[in-house]
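Asks:
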Amino acid sequence: MRPAFSVILLTTLLGAGQGLFLATFTHQAYALLGVLSQDAKGLYGPAAAVSLALLGAGLVASFFHLGRPERAWRSAAMWRTSWLSREVIVLPAFMGTVFLYAAAHLTGFNPVLLHLAGGASVDASVAIGVAGSLFAFALYVCTAMIYACLKFLREWHSPLTVANYILLGTASGFTLAAALAAALAPAEAGFFAGWALAFTALGAISRGASLVRNARLRPVSTVQTAIGVRHPVIRQITQGFTAGSFNTREFFHGQAMSLVRSVRWIFLLFAFAIPAALVAAHFATGSSAVLSVAVVAQMAGLMAERWFFFAEANHPQNLYYQAVA
Amino acid sequence: MTQLALVIDLNVCVGCHACVTSCKEWNTSGSAGPLPDTQAYGEQYAGTFFNRVQTYEVGTFPATETVHFPKSCLHCEDPPCVPVCPTGASHKRKEDGIVLVDLDKCIGCKYCAWACPYGARELDDRNKVMKKCTLCVDRIYDQSLEPRDRKPACVMACPTSARLFGDIHDPESEVSRAIREEGGYPLMPEWGTHPANHYLPRRKTRVNIHADELERADNPLKVDRQQPRPAKGEPTLDDAVTW
Numbered sequence: 025m026r027p028a029f030s031v032i033l034l035t036t037l038l039g040a041g042q043g044l045f046l047a048t049f050t051h052q053a054y055a056l057l058g059v060l061s062q063d064a065k066g067l068y069g070p071a072a073a074v075s076l077a078l079l080g081a082g083l084v085a086s087f088f089h090l091g092r093p094e095r096a097w098r099s100a101a102m103w104r105t106s107w108l109s110r111e112v113i114v115l116p117a118f119m120g121t122v123f124l125y126a127a128a129h130l131t132g133f134n135p136v137l138l139h140l141a142g143g144a145s146v147d148a149s150v151a152i153g154v155a156g157s158l159f160a161f162a163l164y165v166c167t168a169m170i171y172a173c174l175k176f177l178r179e180w181h182s183p184l185t186v187a188n189y190i191l192l193g194t195a196s197g198f199t200l201a202a203a204l205a206a207a208l209a210p211a212e213a214g215f216f217a218g219w220a221l222a223f224t225a226l227g228a229i230s231r232g233a234s235l236v237r238n239a240r241l242r243p244v245s246t247v248q249t250a251i252g253v254r255h256p257v258i259r260q261i262t263q264g265f266t267a268g269s270f271n272t273r274e275f276f277h278g279q280a281m282s283l284v285r286s287v288r289w290i291f292l293l294f295a296f297a298i299p300a301a302l303v304a305a306h307f308a309t310g311s312s313a314v315l316s317v318a319v320v321a322q323m324a325g326l327m328a329e330r331w332f333f334f335a336e337a338n339h340p341q342n343l344y345y346q347a348v349a
Numbered sequence: 027m028t029q030l031a032l033v034i035d036l037n038v039c040v041g042c043h044a045c046v047t048s049c050k051e052w053n054t055s056g057s058a059g060p061l062p063d064t065q066a067y068g069e070q071y072a073g074t075f076f077n078r079v080q081t082y083e084v085g086t087f088p089a090t091e092t093v094h095f096p097k098s099c100l101h102c103e104d105p106p107c108v109p110v111c112p113t114g115a116s117h118k119r120k121e122d123g124i125v126l127v128d129l130d131k132c133i134g135c136k137y138c139a140w141a142c143p144y145g146a147r148e149l150d151d152r153n154k155v156m157k158k159c160t161l162c163v164d165r166i167y168d169q170s171l172e173p174r175d176r177k178p179a180c181v182m183a184c185p186t187s188a189r190l191f192g193d194i195h196d197p198e199s200e201v202s203r204a205i206r207e208e209g210g211y212p213l214m215p216e217w218g219t220h221p222a223n224h225y226l227p228r229r230k231t232r233v234n235i236h237a238d239e240l241e242r243a244d245n246p247l248k249v250d251r252q253q254p255r256p257a258k259g260e261p262t263l264d265d266a267v268t269w
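Chains A and B are the protein sequences, given in the same order. Here the working numbering = 1-based position in the first sequence + 24. Here the working numbering = 1-based position in the second sequence + 26.
And the structure:
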């Protein structure tokens, strides 16, 4: 498949935005239960605002993928069958929830809903945060299932695709939360950095597993099944036209295999190894600058990862377009 | 239930591309058109087509066969392109099983093309909506045409009658009989899409003749164990006389 930069930006920015919101609310939930300090409340509002900005940027990027963006409102119609339609519904719902969450923290309009036995009070932002967390996970599943539900794109048709979207998104979100916390609530940066390290490691395992799986795939469709001729030696003489077409543009990445292979090493380095080393360096030195560098490195790495994700997928229609003339 | 479909006979297709041009000519001004070309006479020329004819070489020289392979939307009975469409623009008609795109609802997200294992859909680069074979839905029901002309443009154009059109759910239709009796098969059956269009394979007509069929074993002239005269190899009247 040809990687589309709109979709690369959409999926990486949304993933980081969701992860940042989950990180923020995880901290608030821990603080509510008394595990973490209650003093970091100043972090929640700005972090949710950054999350909203990322989601908004992802939404804008998605419009560049559409041929007819003015009709985008129609795409909520088929939620019963289409994961893309479900994503189109969940994304605005999640963005609205993040907006309310950010507003509750930034404006201070945050009425207490009930008091817990231990003395902690559950305010409106907690209720909004629970809803937002559910939406965040629903959005990860919708985004991943858009790709994982296509059964003949076998590189994508795997539960590992869903695991990767969740783990890579949360990893980048927690890394970003750690960098934000280093600026706004330095005492809490360690909490986020620890989880960022854990999710980056889990993401590396899950993405590594899908790399291994995809390297071992054997094609189900062959030129024999594509044209229905039972002979071991079949060669296409012409695809029927010398010009390019949608089929030759959309489904071939057109890059050398050496480039695709080098992108794999680049993303393994930038999405996993370098951020993990930088977060570890934060624990060793206490430096907050390394966390900012980790965010930039990981986002760049995840964009390379998403590019590879699309380039790696081999569409069976390509069997019909092997020779121009 | 009706399922209209094409049955394409690879045994008689000569790869002339008449179906390609006829399809383009009819549909570019039809209800699913236009099928624009970008820079039709420029260097970076490209165009939108519903139908393509490809050519394959089967076997190793000198024992090769050239197979011409017309390729268009197969109007699958379980089309993977329909459920993924977020707007409902991509749909399969209940009344005749034709898979269509509502060009006024399509947002050009290309997801249906990703979901089609056959690459049967092409994005119209000028109008930014997905285009595909309609089985000439604006032609096959047109009461102003003679009944014999109510067929897809590609079927009308085929000079060798390699393309049959009809209802594959009617066991007595021409297409059902062709599939049943001539070994019709679907493409990429492994994905469970149940394509409605079928292809008829290359067929060779061979007659097995045994030696005893060339020379009668019960030739009455051999009854007395004497060879018939003149013996094989001896000159006959035909060798001696010029007619």
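The C-beta atom is built at its ideal place from N, Cα and C for all residues, glycine as well.
Are at least three pairs of beta-carbons, each pair with one atom in the region 211-221 of chain B and one in the region 240-254 of chain A, less than 8 Å apart?
Replies: Yes, since at least three Cβ pairs between the region 211-221 of chain B and the region 240-254 of chain A fall closer than 8 Å, the two stretches touch.
Asks: Quick one: is A/Thr249 near chain B, going by C-beta distance under 7 Å?
Replies: It does; some Cβ of chain B falls within 7 Å.
Asks: Is the region 281-300 of chain A touching the region 37-49 of chain A, taking contact as three or more C-beta pairs under 8 Å?
Replies: Touching, no.
Asks: Could you tell me whether the Cβ atoms of B/Arg203 and B/Asn37 are closer together than 7 Å?
Replies: Cβ atoms of B/Arg203 and B/Asn37: not closer than 7 Å.
Asks: Quick one: using the 10 Å Cβ neighbour count with 16 as the cut-off for buried, is A/Phe332 buried or exposed?
Replies: Classification for A/Phe332: buried.
Asks: Would a C-beta distance cut-off of 7 Å place B/Ala58 and B/Thr160 closer than the cut-off?
Replies: Closer than 7 Å, so yes.
Asks: Would you mind working out which of B/Glu260, B/Glu208, B/Pro143 sits nearest A/Leu343, comparing C-alpha positions?
Replies: For the residues B/Glu260, B/Glu208, B/Pro143, the minimum Cα distance to A/Leu343 belongs to B/Pro143.
Asks: Any residues in the region 125-153 of chain B with a beta carbon nearer than 9 Å to a beta carbon of chain A? Which ones, in chain order?
Replies: So the close ones are Asp130, Lys131, Cys132, Ile133, Gly134, Cys135, Lys136, Tyr137, Ala139, Trp140, Ala141, Cys142, Pro143, Tyr144, Gly145, Ala146, Arg147, Glu148, Leu149, Asp150, Asp151, Asn153.
Asks: Measuring alpha carbon to alpha carbon, tell me which residue in A/Ser109, A/Ala85, A/Ile261, A/Ala155 is nearest B/Glu91.
Replies: Comparing Cα-Cα distances from B/Glu91 to each of A/Ser109, A/Ala85, A/Ile261, A/Ala155, the minimum goes to A/Ile261.
Asks: For B/Glu83, which residues in chain A fall below 9 Å Cβ to Cβ?
Replies: Neighbours of B/Glu83 on chain A, chain order: Val257, Ile258, Arg259, Gln260, Ile261.
Asks: Quick check: is the beta carbon of B/Trp217 nearer than 7 Å to any beta carbon in chain A?
Replies: It does: the Cβ of B/Trp217 has a partner Cβ on chain A nearer than 7 Å.
Asks: Please go through the same chain and pick out, in chain order, the residues whose beta-carbon is closer than 6 Å to the beta-carbon of A/Ala64, but skip the five residues on each side of it.
Replies: So the qualifying residues of the chain are Ala209, Glu212.
Asks: Spatial neighbours of A/Val317 within its chain, please: CB distance less than 8 Å, with the 5 preceding and 5 following residues excluded, ordered by chain position.
Replies: Taken in chain order, the residues that qualify are Leu302.
Asks: Got a sec: is the Cβ-Cβ distance from A/Met169 to anything in chain B below 7 Å?
Replies: No, its Cβ sits nowhere closer than 7 Å to a Cβ of chain B.
Asks: Since B/Gly73 meets chain A, which of its residues come closer than 9 Å, beta carbon to beta carbon?
Replies: Under the 9 Å cutoff, chain A gives Phe265, Ala267, Ser269.
Asks: What is the DSSP secondary structure of A/Tyr189, reduced to helix, strand or coil?
Replies: The answer is helix: DSSP assigns A/Tyr189 an H, G or I state.
Asks: Under 8 Å, with one C-beta from each stretch per pair, do the region 60-76 of chain A and the region 117-134 of chain A reach the 3-pair mark?
Replies: The region 60-76 of chain A is in contact with the region 117-134 of chain A.
Asks: B/Asp150: buried (16+ other C-beta within 10 angstroms of its C-beta) or exposed?
Replies: Buried.
Asks: Just the Cα atoms here: how many angstroms apart are A/Phe159 and A/Val165?
Replies: The alpha-carbon atoms of A/Phe159 and A/Val165 are separated by roughly 10 Å.
Asks: Using a Cβ-Cβ cut-off of 7 Å (strictly less than) and excluding sequence neighbours within five positions of A/Ile152, which residues of its own chain qualify?
Replies: The residues are Thr121, Leu124, Tyr125, Ala128.
Asks: By the 7 Å beta-carbon criterion, what residues does the region 82-113 of chain B contribute toward chain A?
Replies: So the list reads Tyr82, Glu83, Val84, Gly85, Thr86, Val93, Phe95, Lys97, Pro109, Val110, Cys111, Pro112, Thr113, given in the order they occur along the chain.
Asks: Quick one: any contact between the region 78-89 of chain A and the region 177-195 of chain A, if contact means 3 or more CB pairs under 8 Å?
Replies: Too few Cβ pairs lie closer than 8 Å, so no.
Asks: Scan the region 198-232 of chain B for residues whose Cβ lies nearer than 8 Å to a Cβ of chain A and list them as they occur along the chain.
Replies: The residues in question are Tyr211, Pro212, Leu213, Met214, Pro215, Glu216, Trp217, Tyr225, Pro227, Arg228.
Asks: If you drop the 5 nearest sequence neighbours on each side, which residues of the same chain put their C-beta closer than 6 Å to that of A/Phe334?
Replies: Same-chain partners within the cutoff: Met25, Pro27.
Asks: Pull up the distance between the alpha-carbon of A/Ala207 and that of B/Ala141, whole angstroms please.
Replies: One C-alpha to the other measures close to 45 Å.
Asks: Could you tell me whether the region 307-323 of chain A touches the region 254-273 of chain A, using the rule of 3 or more Cβ pairs below 8 Å?
Replies: Judged by Cβ distances under 8 Å, the region 307-323 of chain A makes no contact with the region 254-273 of chain A, as fewer than three pairs qualify.
Asks: Applying a beta-carbon distance threshold of less than 9 Å, which residues of chain A neighbour B/Arg78?
Replies: Near B/Arg78 (Cβ distances below 9 Å), the residues of chain A are Gln263, Gly264, Phe265, Ser269, Asn271, Tyr344.
Asks: Given 8 Å as the limit, is there contact between the region 79-86 of chain B and the region 170-183 of chain B, that is, 3 or more CB pairs closer than that?
Replies: No, the region 79-86 of chain B does not touch the region 170-183 of chain B.
Asks: Are A/Ala295 and A/Glu329 close, meaning C-beta to C-beta below 7 Å?
Replies: Their beta carbons are under 7 Å apart, which means A/Ala295 touches A/Glu329 by this criterion.
Asks: Under 8 Å by Cβ, that's how I've got A/Ala217 and A/Ala202 pegged, so tell me the actual separation to the nearest angstrom.
Replies: With 8 Å as the limit, A/Ala217 and A/Ala202 qualify as a contact, their Cβ atoms being about 4 Å apart.
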